[in-house]
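Shown next, in C-alpha cells, is the structure this report addresses.
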Amino acid sequence: MKRFKHLFFAWIFPWVPKRLLSRLVGVLAQIPLGPFNVVVLPIMAKGFKINPHEAEFEFENYKSCDAYFTRRLKAGVRPISKGWVHPADSMLTQSGKIEKGHILQAKSWDYSAAEFLGEDILARTYEGGYFMTYYLCPADYHRVHSPLDGELISARHIPGVLWPVNDWSVNNVKRLFCLNERVVLNFRSQEQRWSLVMVGATNVGKISIPQDPSIITNRWMWHAPTDRKYEPPIEVKAGEEVGVFHLGSTVICLYEKGLPSPVGVQKVKMGEPVC
Numbered sequence: 671m672k673r674f675k676h677l678f679f680a681w682i683f684p685w686v687p688k689r690l691l692s693r694l695v696g697v698l699a700q701i702p703l704g705p706f707n708v709v710v711l712p713i714m715a716k717g718f719k720i721n722p723h724e725a726e727f728e729f730e731n732y733k734s735c736d737a738y739f740t741r742r743l744k745a746g747v748r749p750i751s752k753g754w755v756h757p758a759d760s761m762l763t764q765s766g767k768i769e770k771g772h773i774l775q776a777k778s779w780d781y782s783a784a785e786f787l788g789e790d791i792l793a794r795t796y797e798g799g800y801f802m803t804y805y806l807c808p809a810d811y812h813r814v815h816s817p818l819d820g821e822l823i824s825a826r827h828i829p830g831v832l833w834p835v836n837d838w839s840v841n842n843v844k845r846l847f848c849l850n851e852r853v854v855l856n857f858r859s860q861e862q863r864w865s866l867v868m869v870g871a872t873n874v875g876k877i878s879i880p881q882d883p884s885i886i887t888n889r890w891m892w893h894a895p896t897d898r899k900y901e902p903p904i905e906v907k908a909g910e911e912v913g914v915f916h917l918g919s920t921v922i923c924l925y926e927k928g929l930p931s932p933v934g935v936q937k938v939k940m941g942e943p944v945c
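Sequential numbering of the sequence shown, starting at 671, is according to the numbering used here.
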C-alpha cells in the first residue's frame with residue numbers, strides 16, 4: 671500500500687488538474703442535501719471520525735456537507751487559555767527558530783520565509799523568531815483563530831497550485847508551502863508582530879476570512895498576488911475566529927519572538943496554551 675501511494679502521488683497525481691478538481695469538490699460539497707442530511711452527514715462524520723457531540727447544532731441543522739465541515743462548536747467546548755494559544759484543532763508537525771530567512775519543512779528541507787510571505791521586508795522582521803506548522807485533517811474542526819490579542823493590519827492573497835499537504839507531499843514536494851495558494855494575515859500587538867498563513871490544498875480551494883469577505887480563493891482566472899491594508903486596524907482577541915478552511919489543510923504561524931526551543935510534535939486543540 672505504501673509503495674502504491676508513492677507511485678500514485680509521484681507519477682499520476684502531478685498530472686491531475688488539482689485546482690479544477692478542488693473547485694468541483696467544493697461545488698459538490700455545497701449541494702443542498704434536503705431531508706437526506708440526517709443520513710449523509712452521520713455517515714460522513716463516522717467515516718472521517720468527526721466528533722458530532724462537539725458541533726454547535728444537530729445534523730438536521732446543516733444543509734450541506736460544506737456546512738457541516740465548517741461547523742462551529744458548542745459554547746465552552748474550547749476554553750481559551752490566557753496568553754499565547756494554539757490557533758486550531760490540529761497536529762503541530764513542526765516548530766522552531768527562523769534562521770537565515772528559512773523555515774523547516776521536513777527533515778533537512780526548508781523554504782524561504784520571503785517567498786512564503788511574498789514580502790522580503792516582512793520576512794526580515796521574523797529573522798531569529800519562531801514558526802509553528804499545524805496540519806488540520808478532515809476530522810478536525812476547520813475554523814482558525816487568533817493565537818494572541820492584537821490587531822489585523824494587512825493581508826496578502828497569493829494564488830498558487832493546490833498540492834495535498836499530507837505526509838507524502840511534505841516529505842517529497844520541495845517548497846510545498848510556497849507553491850500552494852495561501853492567505854497571509856499580518857498582526858501586531860504591543861509585544862510583537864506575527865503572521866498567520868492559511869495554506870490551501872487539494873479539495874481545500876476555498877478559504878474564508880470573516881474580517882474580509884472580499885478575499886476569494888481558487889478563482890477561475892489566475893491573478894497576481896493582492897494586498898490589503900486595514901486602516902484602522904481590526905482588533906482581535908486570542909481565540910477569536912480569523913479564518914475558515916472548507917476541509918482540512920495547514921496553518922503556519924510566524925512570530926517575531928518565540929520560545930527558546932521547539933515544543934515538539936503533538937496533537938493540540940484550539941485555545942490550549944502554547945507554553
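No residue lacks a Cβ here, since even glycine has one placed at the ideal position from N, Cα and C.
Remember, predicted model here, so these are calculated numbers, not experimental data.
For residue 745, the number of other beta carbons within 10 angstroms of its own is below 16, and it is reported as exposed. DSSP, reduced to helix, strand and coil, places residue 929 outside both helices and strands of the structure shown, so it counts as coil. Here residue 720 is not near residue 941, since their CB atoms are 8 Å or more apart. By the Cβ rule, the segment 815-830 counts as touching the segment 780-796, because three or more pairs are nearer than 8 Å. Per DSSP, the beta-bridge partners of residue 923 are 802 and 866.
Of the residues 780, 907, 846 and 778, the one whose Cα lies closest to the Cα of residue 820 is 907. In this structure, the beta-carbon distance from residue 920 to residue 869 falls below 8 Å. For residue 864, the closest alpha carbon among the candidates 787, 770, 943 and 733 is that of 787. Looking at the DSSP output, residue 841 shares a beta bridge with no other residue. Between residue 781 and residue 852, the C-beta spacing is not below 8 Å.
Residue range 896-906 is occupied by the beta strand (DSSP E) that includes residue 903. One thing to note: residue 880 has its Cβ no nearer than 8 Å to the Cβ of residue 765. Selection 818, 730, 858 and 830 evaluated against residue 847 yields 830 as nearest (Cα-Cα). Excluding its 5 nearest sequence neighbours in each direction, residue 768 has C-beta neighbours in its own chain below 8 Å: 783, 796, 797, 798, 799, 800, 801 and 924, listed in chain order. For residue 854, there is no enclosing alpha helix (DSSP H); the enclosing beta strand (DSSP E) covers residues 852-858. Taking a C-beta distance under 8 Å as the contact criterion, residue 935 and residue 762 qualify as a contact pair. In this structure, the beta-carbon distance from residue 833 to residue 872 falls below 8 Å.
Out of 743, 724 and 704, the CA that lies nearest to the CA of residue 733 is found in 704. Fully contained in the segment 715-790 are the following alpha helix (DSSP H) runs of length 4 or more, in chain order: 735-739 and 783-787. Residue environment analysis places residue 843 among the buried positions, since at least 16 neighbouring C-beta atoms fall within 10 angstroms of its C-beta. Linking residue 735 to residue 699 through their CA atoms gives a straight-line distance of about 5 Å. With fewer than 16 other Cβ atoms from the protein chains shown falling within 10 Å of its own Cβ, residue 937 counts as exposed. Assigned with DSSP and collapsed to three states, residue 705 falls in helix. In this structure, the CA atom of residue 803 is about 4 Å from the CA atom of residue 922.
The C-alpha of residue 878 is placed about 7 Å away from the C-alpha of residue 915. For residue 937, DSSP records a beta bridge to 761.
Rounded to whole angstroms, residue 816 and residue 756 show a C-alpha spacing of 8 Å. DSSP places residue 849 inside the alpha helix (DSSP H), whose first and last residues are 846-849.
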